[in-house]
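Here's the structure, in structure tokens; my notes come after.
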Amino acid sequence: MSDSACLSATSNDKIGAPSSPEDTPARPKNSPQGLNCLPSAERHRAPPSRRSLRSNLLREGIACTSDDKDFLMAQATISDPARLAAVEATFLVDSPPEENFDRYTRLAQQILGVEIAIVSLVLEDRQFYKSSIGLPEPFASDRCSPLSVSLCRIGVERGEPLIISNGPEDPKFRDHPAVKLHHLHSYLGIPLKDESGNALGTLCVANSEPRAWSDRDIETLSTLAHAVSNEVRLHAAEHARQHALRTARHERELLSRIMDTSLAAITVLDTEGTILDCNEAAERVLGLTPSSIQGKRYNAPEWRSTDVDGGHWPDEKTPFRQVLATNGAVYDIRHAIEGPEGNRQILSVSGAPLRDETGEITRIVFLVNDITEQHEAIRNLQRVAQQFSTSFRLSPNWVVLCDYHQRTILEVSDGMIDSLQLDRSKCFGRSLEDLDVHFSRSKIEDLFSVNETTPQSALLELRLQDTKEQFRLIEVRSQLIEVGNEKFLSIGGQDVTEQRAEKQRRASLERQLREAQKAEVVGQLAGGIAHDFNNILTAIIGNADLAAQIMPAQHPAQRAVGSIKKAGQRAAEQIRQIMALSRKERPVISQVDVVPVIEETVQVFRSQQSSSLVVEVTVPTHAVYVASNAAQIDQILMNLLNNASHASGGEGRIDVRLIEFISDEKDDLRDAEMVVIEIEDHGTGIDAVNLPTVFEPFFTTKRSGAGTGIGLSLARTIARSFEGELTVDSQLGSGATFRLLLPRCPATTTAPAPITAPAPTESRTKLNVILVDDNPSVLNTGTMLLEQLGHHVVATDNPEAALESLSSGKNHFDLIITDNLMPKLTGVELIQELRRRGVDTPIILVSGFGTARAQIEKLATRRTRFLPKPFTLKELAEHIALSV
-11 MSDSACLSAT
-1 SNDKIGAPSS
9 PEDTPARPKN
19 SPQGLNCLPS
29 AERHRAPPSR
39 RSLRSNLLRE
49 GIACTSDDKD
59 FLMAQATISD
69 PARLAAVEAT
79 FLVDSPPEEN
89 FDRYTRLAQQ
99 ILGVEIAIVS
109 LVLEDRQFYK
119 SSIGLPEPFA
129 SDRCSPLSVS
139 LCRIGVERGE
149 PLIISNGPED
159 PKFRDHPAVK
169 LHHLHSYLGI
179 PLKDESGNAL
189 GTLCVANSEP
199 RAWSDRDIET
209 LSTLAHAVSN
219 EVRLHAAEHA
229 RQHALRTARH
239 ERELLSRIMD
249 TSLAAITVLD
259 TEGTILDCNE
269 AAERVLGLTP
279 SSIQGKRYNA
289 PEWRSTDVDG
299 GHWPDEKTPF
309 RQVLATNGAV
319 YDIRHAIEGP
329 EGNRQILSVS
339 GAPLRDETGE
349 ITRIVFLVND
359 ITEQHEAIRN
369 LQRVAQQFST
379 SFRLSPNWVV
389 LCDYHQRTIL
399 EVSDGMIDSL
409 QLDRSKCFGR
419 SLEDLDVHFS
429 RSKIEDLFSV
439 NETTPQSALL
449 ELRLQDTKEQ
459 FRLIEVRSQL
469 IEVGNEKFLS
479 IGGQDVTEQR
489 AEKQRRASLE
499 RQLREAQKAE
509 VVGQLAGGIA
519 HDFNNILTAI
529 IGNADLAAQI
539 MPAQHPAQRA
549 VGSIKKAGQR
559 AAEQIRQIMA
569 LSRKERPVIS
579 QVDVVPVIEE
589 TVQVFRSQQS
599 SSLVVEVTVP
609 THAVYVASNA
619 AQIDQILMNL
629 LNNASHASGG
639 EGRIDVRLIE
649 FISDEKDDLR
659 DAEMVVIEIE
669 DHGTGIDAVN
679 LPTVFEPFFT
689 TKRSGAGTGI
699 GLSLARTIAR
709 SFEGELTVDS
719 QLGSGATFRL
729 LLPRCPATTT
739 APAPITAPAP
749 TESRTKLNVI
759 LVDDNPSVLN
769 TGTMLLEQLG
779 HHVVATDNPE
789 AALESLSSGK
799 NHFDLIITDN
809 LMPKLTGVEL
819 IQELRRRGVD
829 TPIILVSGFG
839 TARAQIEKLA
849 TRRTRFLPKP
859 FTLKELAEHI
869 ALSV
């Protein structure tokens, strides 16, 4: 009950005063102020929000007694869908007053001696008074009030009696609007509940004076509330019964109208086969009046049943017997009957059983259509078609003949049957859509759109699925054929699946050849540039390391030296990308669970972005293994994510999804199962002009200085090195979706390789080292780095001289460090020759090309390591420590 209901007295009325004006006594001097002091807009406007409610109460000088958590829980209880549905199911909301309920409010007032007694229903936004006594105007007439000052709402929220003996002295309720504004002193409310325990409202009583409610008072009101709850249930049950009667009456009337207006004969039989009812159309179809049909059996002698050709029609084939035999519906059972006057008709009969509450069949309803004319027309057409069926069926082309109006198939060619692997007998009499070969309804409409003005359709391409679930491409056109008054549709064409596949295969091969030639040219150029730059960067990074080591740690130049080293390392990373374009490095392929790779890459990417860019990741909970390389997958994904961020302007959302699937339309050159990683941005998209060139090296749409155009080209190059692929779908203004395809591989039980602890950065043993490199700057830098590590160095730019010195045995060296690409003798050749001559000294091969690593691994030479250019002082120290 809302406080407005409990205390709704006008400024001249006392709580509990009579409602009529002539019975209204003068309000005593100290009588409480009523709700009528509020403006009418306050009384009738929609319930305020949580924030506005708090604001209004505070503005009135009333403190809120509930904390936020209690407030929200209360709101959830009041708004509970199950409770609100239960209130609506009473069918009492906004209903007129009823004596059954008024009797209980009078009893409550008289027995308990109170001023106000109310039966309320608490809705989500208001409180409805089903019965009230002692309420002043306008609430007695309005029969509702808002929930913002309700006490009944508290009882509903708690689901238990609410007892207030002296509101102004009760710390829980003294600041409540009903007490503070409307001077309510005592209140007793019992929730009204349905069978499921939902609190629907309350039976409540209230006084303007304090009252200590006794146990007897509470028991009395609880007994009355139980009776009111029963009255609510009885009202709901009666309303439901009346609704069911109205529904049944409506359904009977509707059924009667359907039977009277149906063009088909409708008959109702009992389980013994006796006709209980029929419509007027039965007279036309069955040849007897409805009155003479009723009471006859389905197999009465007035109707002689045969098959459609006049042959014997056994009783077990009749629709009535088939319904009983199958215990279900039957459809389009065709047979013939000969009526009392000897007329013969072809009937199509469909029937279905009617059941009682236990599931037993009590009646059977049949729908009977006279299809004599249709049947004869088809027979005539079949006779005409039979004359050319032999040549028609033997056609290797794709041909179908249909009834133009009925759209049913009359004949099909061997070419169509072979193309779709169909059963010819299951095609006749069916529509194209019923063939279950994925015939598009729009394509069917296009085929049947021909008419006398345009007797031939345009050439259409159909994508159908044969019975082996293989898609076939068919090129067809339809033509209207008129024979007498009959119209037929001939659909002719050919299966072009193999031709189209071969054409696509050739186009794919040509495209890949062009891309390979382009990549080879770019690779050769990139490889040469990268080799020279690696030598330069080795000198830059190495000398930066040396300078940092030589200078005191707090020297002002340390910061500048660090910047030089970082710039060199960034340049080295760009060079590695250029090297990848040249495909000079062979990828190390292994079994990789791609799920954690995606998650870790996205985590790193997120840390580099602003909070306005959201990356949503959807991956399975189980492992998904691919034949690839984790580091290079990370490199691909990071390039794609950076590209998506740029396309989105650094804000919005990027979706990353891992999809496990086997494509139904695999690339002819790729037979392996593929795992797909999709990266979708919602940016500006790529226009049709630039879309074919996004993977070309050095192509970029970014502003000058914002990108090199290497990222996407590099990503696809790496993907293809794993026998994978990188594709893109995009439209201008609709974002872009990049798909990384990687070959799936089965999970194995191979244990992961143990992690090797990093080598120390300082040498514990001073070594005699020979350094061989034809580049003076690298040779000089390498010498200084080795000496910084405390080693004795002999440097030479002549690999042949180094070979002779090492082979002679005159000089003792603990370690050989050699470059690979040198004139006259490469580093790999030097190593091979040293090993052939029995020199077993540890060797570190240094090169800017990853192919050198592959050569070393292939040769499996002993005590030989590979160090890529450019390298740092720390990396050099680690390799030395692991070599000796």
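Per my numbering, the very first residue in the sequence shown carries number -11; after that it's consecutive. Just so you know, even glycine gets a beta-carbon here, dropped at the ideal spot from N, CA and C. Bear in mind the structure is a predicted one, so any value in this text is a computation, not a measurement.
Around the CB of V75, 16 or more other CB atoms lie within 10 Å, so the residue is classed as buried. Nearest Cα to V549 within the set L629, A541, A536, R418: A536.
Put simply, the backbone Cα of V425 is about 7 Å away from that of T455. When DSSP states are grouped into helix, strand and coil, D130 belongs to the helix group.
In this structure, the beta-carbon distance from G189 to V144 falls below 8 Å. For I152, the closest alpha carbon among the candidates D130, L111, N195 is that of N195. Closest in alpha carbon position to I479, among S437, R493, E498, is S437.
Taking 8 Å as the cut-off, the beta carbon of V682 is found no closer than this to the beta carbon of L702. The segment 140 to 214 is shown to contain whole alpha helix (DSSP H) runs of 4 or more residues at 140 to 146, 165 to 168, in chain order. Taking a contact as a CB-CB distance under 8 Å, the pair L111 and K118 does not count as one, their CB atoms being some 12 Å apart. Just measuring C-alpha positions, the residue of L714, R332, D411 sitting nearest G275 is R332. Membership of I281 in the alpha helix (DSSP H) is indicated by the continuous run 278 to 281. L264 places its beta carbon less than 8 Å from that of V256.
Counting along the chain, the unbroken beta strand (DSSP E) around R322 starts and ends at 318 to 326. Relative to D391, the option among Q362, A618, V484, L730 whose CA is nearest is Q362. CA-CA distance, N523 to E684, rounds to 27 Å.
The Cβ-Cβ distance between S795 and R825 falls below 8 Å. Per DSSP, H867 is one residue of the alpha helix (DSSP H) stretching across 861 to 871. CA-CA distance, V605 to S722, rounds to 20 Å.
Around the beta carbon of I624, a 10 Å sphere encloses 16 or more other beta carbons of the protein chains shown; the residue is thus reported as buried. Contact between the segment 486 to 497 and the segment 827 to 837 is absent: fewer than three C-beta pairs spanning the two stretches fall below 8 Å.
Residue pairing by DSSP puts G339 in a beta bridge opposite V318, F354. For H426, the secondary structure class from DSSP, reduced to helix, strand or coil, is coil. Here the alpha carbon of A724 sits roughly 20 Å from the alpha carbon of I621. Under DSSP, M539 forms no beta bridge with any residue. Under DSSP, S293 shares a beta bridge with I325.
Just measuring C-alpha positions, the residue of V585, D802, N368, N786 sitting nearest H779 is D802. By the C-beta density criterion, M772 is buried, having at least 16 other C-beta atoms within 10 angstroms.
With fewer than 16 neighbouring CB atoms inside 10 Å of its own CB, K798 falls in the exposed class. Its chain contains D303 as the residues whose beta carbon lies nearer than 7 Å to that of R309, once the 5 sequence neighbours on both sides are disregarded; these appear in chain order. If you ignore the 5 residues before and after G640, its C-beta comes within less than 6 Å of the C-beta of H670, all in its own chain and listed in chain order.
Under the 10 Å beta carbon count, D406 is surrounded by fewer than 16 other beta carbons and is classified as exposed. Apart from the 5 residues on each side of it in sequence, V296 sits with its Cβ closer than 6 Å to the Cβ of R322, A324, I334 in its chain, given in chain order. Classified as buried, K857 has 16 or more neighbouring CB atoms from the shown chains inside 10 Å of its CB.
Separation of the CB atoms of Y175 and L209 is rounded to 11 Å, and the pair is thereby denied contact status at 8 Å. Here C132 has R114, Q115, F116, Y117 as same chain residues with Cβ atoms under 8 Å from its own Cβ, once five neighbours each way along the sequence are excluded.
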